[in-house]
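Working notes for the structure below.
2 protein chains.
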Amino acid sequence: MKRPKGKALIAQSGGPTAVINASACGVIQAALAQRDVFTGVYGALNGILGVLQEQLMDLEREDPGQIDRLKRTPSAALGSCRHKLRALERDRRDYERIIEVFRAHDIRYFFYIGGNDSMDTAAKLGRLAREVDYEIVAIGVPKTIDNDLAFTDHCPGYGSVAKFNAASVMEAGLDTEALSTHDTCTVHEVMGRNAGWIAAATGLARRSEADAPHLILLPEVPFVVERFVERVQSCLAQYQRCFVVCGEGVKTPEGAYLGEAGGAFATDAFGHAQLGGAGEAVRALIETRVGVKARTNRAGTTQRNAMHFASKTDVEEAYRVGRVAVEAALGGANAMMITLERHAGASYRCGTGLVELEKVANGEKTVPPEFLAPDGMGVSSAFTAYAAPLIVGEADLEIAPDGLPVYARLRKHLVAPRTGRRYNVP
Amino acid sequence: MKRPKGKALIAQSGGPTAVINASACGVIQAALAQRDVFTGVYGALNGILGVLQEQLMDLEREDPGQIDRLKRTPSAALGSCRHKLRALERDRRDYERIIEVFRAHDIRYFFYIGGNDSMDTAAKLGRLAREVDYEIVAIGVPKTIDNDLAFTDHCPGYGSVAKFNAASVMEAGLDTEALSTHDTCTVHEVMGRNAGWIAAATGLARRSEADAPHLILLPEVPFVVERFVERVQSCLAQYQRCFVVCGEGVKTPEGAYLGEAGGAFATDAFGHAQLGGAGEAVRALIETRVGVKARTNRAGTTQRNAMHFASKTDVEEAYRVGRVAVEAALGGANAMMITLERHAGASYRCGTGLVELEKVANGEKTVPPEFLAPDGMGVSSAFTAYAAPLIVGEADLEIAPDGLPVYARLRKHLVAPRTGRRYNVP
């Protein structure tokens, strides 16, 4: 299949992860090695915003050593954004602007590293490009700590956030154990708005029954106050302490986020809505309903960037899907996302595959019931078998003599605009 | 000087740290090697509570491999507590009970690993013992992430919490940079109720001007709303983002904790007191007064147990002060705490010294003005010179094939009670 000659553009989207830069590194290094096809390798500053605003970086001008260091650098070195494009069906202007920018710079390959929304954008972009007869190859590279993309066994970024949170829960669990006569309960809030994959992963820290976490609350399982209170009480009776992991997206049976519920139980204690998220709500509930002291941890953005204890498996796979994206583009794929496909068998092996962007865009994968304990407040052995291989190995880390990591910093050489107009991003 | 023969008792007190077990390991291993003096080596279960309740563990019956693993295990493996004894001046019962337990088990050496309060307890215990003519050697081993003990250059536990938080701020800072078009500000709350040493340490992450943290709020510097808002605004003008580190104990000029202030500025936004601590209060303030989106991180108890990225310097010093405590006891010291004494000179070297427990008990060391930037919202080069050596080196970490750390677990063999009575802890 004949491939167009032209520039490759790489963009990163949505929440950063420990390994989204490893994927970018894979794309960049693979693309730079194919100069017969790629007449240039560009990066979009701050994701799709940079495309709309025509802020494109020439990645060829970066130090190759810094590019290689992206493998060991968390967050999104090209910049990211949470900008939502206007719906193509109602307003084509954003998409037309993207094509305008692509055309002006002869961008023929678009590698978009992101989640559902990004795959949706890339799919629509490809559709519009065909309509206006602009040849473009769009390949999606999966990324999300939430692990909620369909059609892929798991998502790069998940293994590392899982490993860090599991280690943190193991460590904070020892704290709760040591101070159980005083701080009897700990609520550890983790990310995951709609899916409980991250919360579930902390179950990997529980090597024996008495270990933290004792209870895991996931967005998939409606939070029933009485049932929860009862489980905390029985946990206290058994272990004299209770360590609860709470996904930030845990909801009441009525579907309200616990972190915003404010209603039934949160107001019991203080007469007003809880701030500070689901973890704070659960903490207040424990203190008022169980009557023991509880405290909260919320790693927040540190968890998704914790390169200092990232999964080697995750980093390697993230880098691989980046390289494979370029190979797929050269091999004739278009409007596809790279997937991770786990091989059958006792030992973990994982290959890659392809799936239509359109399919991914509309799929969301939450934690299935068979991955949960019968009471929904823990994980099953099937989940452990699924998740355990993803956190294996410690990623390479470059540490300076000062005792802190060395992370890449790109120079971000912007190329001169060519469209001749500014575009007002709504 | 003649030393009594008898048992040694080790207790851990207050908030756990990454290295309080390393100190315990130092004491235990050094004591077990001196069987001509120490007729037994006991541990108190959950600190002073275990002494009052006569719950003592025979540490000689533990697997020596697990004892050695304490060097690489966070939290307090013997158990800790926050129990406050009744004031000796008003009510001698608690102290008399301790002497009763010591006498019953022929405990002649008391190694107490803790902070100010523990040193106070140990000092008073020694005083009462002299009054009732019971010979006891009490040696304090410094421990606190807060680094607020006087008479020691720094405290074991501080280097590790500093290193972890600095790395986390470096990593989360890259997140804020990547997503600055959306999550423009991040407030990262760290521990430290009265002293800002931990907050200050995150300044080590700032290798260049544009790096996080841009502003550091310490309990030592009264929080003036207008000044803070102005600094956030100028930071946004300069970097398009602002990363704030906030000590949990930051106070208003009137002396109210920000996390509990609820008053002047917190109610502007929501009409009620802020929950969730100082970080949430600062976040709400940024959103209402500066008008940009902000988010909070609060590592909570994970930060003080983050053995997975602990300071090798810290671990080694923690172990050393444990061993030195035993040597000091054998050498004739009594009612003293081991200190760390930094040698003069360009390269970091640190020895140990001794200070009277009574002195330490009443001292508290906050961050001095010369360690702060002129505006009080950052650190000076003098602070960096002080703190940088403490986070150097990566502590040994044992990682299982499953990708998670292996931490010690003691069997906690309780010895039979000998006092013949139960004691009701108030």
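Going line by line, the protein sequences match chains Y and W. Numbered by our numbering, the letters in the first sequence go through residues 1 to 426 in order. Numbered by our numbering, the letters in the second sequence go through residues 1001 to 1426 in order. Using N, Cα and C, we set each Cβ at its ideal position, and we do this for glycine too. Please read these numbers as outputs of a predicted model, since none were measured by experiment.
{"Asked": "Terminal residues of the alpha helix (DSSP H) in which Gln1303/W lies", "Found": "1301-1304"}
{"Asked": "Endpoints, alpha helix (DSSP H) assigned at Asn1021/W", "Found": "1020-1032"}
{"Asked": "Endpoints, beta strand (DSSP E) assigned at Thr296/Y", "Found": "294-298"}
{"Asked": "Distance, Lys1312/W Cα to Ala1264/W Cα", "Found": "The predicted position of Ala1264/W is uncertain, since its pLDDT is 37 and thus under 50; a value taken from the coordinates is nonetheless stated next. Taking the straight line joining both Cα atoms gives about 44 Å."}
{"Asked": "Contacting positions in the stretch 1391-1402 of chain W - beta carbon closer than 8 Å to chain Y", "Found": "Ile1391, Val1392, Gly1393, Glu1394, Ile1399, Pro1401, Asp1402"}
{"Asked": "Pro64/Y: first and last residue of the uninterrupted alpha helix (DSSP H) it sits in", "Found": "64-69"}
{"Asked": "Proximity test, Cβ basis, 8 Å: Leu340/Y and chain W", "Found": "no"}
{"Asked": "Pro16/Y, buried or exposed, once every other Cβ within 10 Å from all chains shown has been counted against 16", "Found": "buried"}
{"Asked": "Integer Cβ distance of Val137/Y from Ala329/Y, believed to fall under 8 Å", "Found": "5 Å"}
{"Asked": "Nearest neighbour of Ala123/Y, chosen from Ala195/Y, Ala201/Y, Gln66/Y, Leu88/Y [CA to CA]", "Found": "Leu88/Y"}
{"Asked": "Enclosing beta strand (DSSP E) for Phe1038/W [first to last residue]", "Found": "1038-1044"}
{"Asked": "Nearest candidate by alpha-carbon position, reference Asp1430/W, set Ala1278/W, Val1326/W, Leu1218/W", "Found": "Absent from the structure is residue 1430/W, since the part of chain W shown begins at 1001 and ends at 1426."}
{"Asked": "Residue burial classification, Arg193/Y (beta-carbon count within 10 angstroms, cutoff 16)", "Found": "exposed"}
{"Asked": "Other residues of its chain near Ala8/Y: CB distance less than 6 Å, five sequence neighbours each side excluded", "Found": "Ala31, Phe38, Val41, Tyr109"}
{"Asked": "Residue interval of the alpha helix (DSSP H) (run including Gln1233/W)", "Found": "1225-1239"}
{"Asked": "Classification of Arg1411/W by the beta-carbon crowding that lies within 10 angstroms, buried from 16 upward", "Found": "exposed"}
{"Asked": "Beta-carbon gap between Val1379/W and Ala1373/W smaller than 8 Å", "Found": "yes"}
{"Asked": "Separation of Tyr1257/W from Glu1248/W, as counted between CA atoms", "Found": "8 Å"}
{"Asked": "Alpha-carbon to alpha-carbon, Leu78/Y and Ala382/Y", "Found": "37 Å"}
{"Asked": "Coil, strand or helix - Ser1168/W by DSSP", "Found": "helix"}
{"Asked": "The alpha helix (DSSP H) enclosing Thr1427/W, as first and last residue numbers", "Found": "Outside the displayed span of chain W (1001 to 1426) sits residue 1427/W, for which this structure offers no information."}
{"Asked": "Val101/Y - DSSP class collapsed to helix/strand/coil", "Found": "helix"}
{"Asked": "Where Arg1093/W falls: helix, strand or coil (DSSP)", "Found": "helix"}
{"Asked": "Test item: CB-CB of Phe1164/W and Lys1359/W under 8 Å", "Found": "no"}
{"Asked": "Proximal residues to Tyr423/Y (C-beta, below 6 Å), its chain only, five neighbours per side dropped", "Found": "Leu52, Arg97"}
{"Asked": "Span separating the alpha-carbon of Gly1115/W from that of Arg1298/W", "Found": "23 Å"}
{"Asked": "Limits of the unbroken alpha helix (DSSP H) element including Asp1117/W", "Found": "1116-1131"}
{"Asked": "Cβ pair Ile1216/W, Met1377/W closer than 8 Å", "Found": "yes"}
{"Asked": "Minimum C-alpha distance to Pro1213/W - residue among Val1229/W, Arg1241/W, Val1221/W", "Found": "Arg1241/W"}
{"Asked": "Assumed close pair Ala162/Y, Leu204/Y - CB separation to whole angstroms, cut-off 8 Å", "Found": "7 Å"}
{"Asked": "Outcome for His1413/W when other beta-carbon atoms lying within 10 angstroms are tallied against a minimum of 16", "Found": "exposed"}
{"Asked": "Neighbour flag for Lys163/Y against chain W, beta carbons, 8 Å", "Found": "yes"}
{"Asked": "His182/Y: contacting residues in chain W (beta-carbon distance under 7 Å)", "Found": "Cys1081, Arg1082"}
{"Asked": "Alpha carbon of Glu131/Y to alpha carbon of Ile99/Y, nearest angstrom", "Found": "11 Å"}
{"Asked": "Cβ contact (3+ pairs, closer than 8 Å) linking the stretch 65-84 of chain Y and the stretch 292-309 of chain Y", "Found": "yes"}
{"Asked": "Neighbour flag for Tyr1407/W against chain Y, beta carbons, 8 Å", "Found": "yes"}
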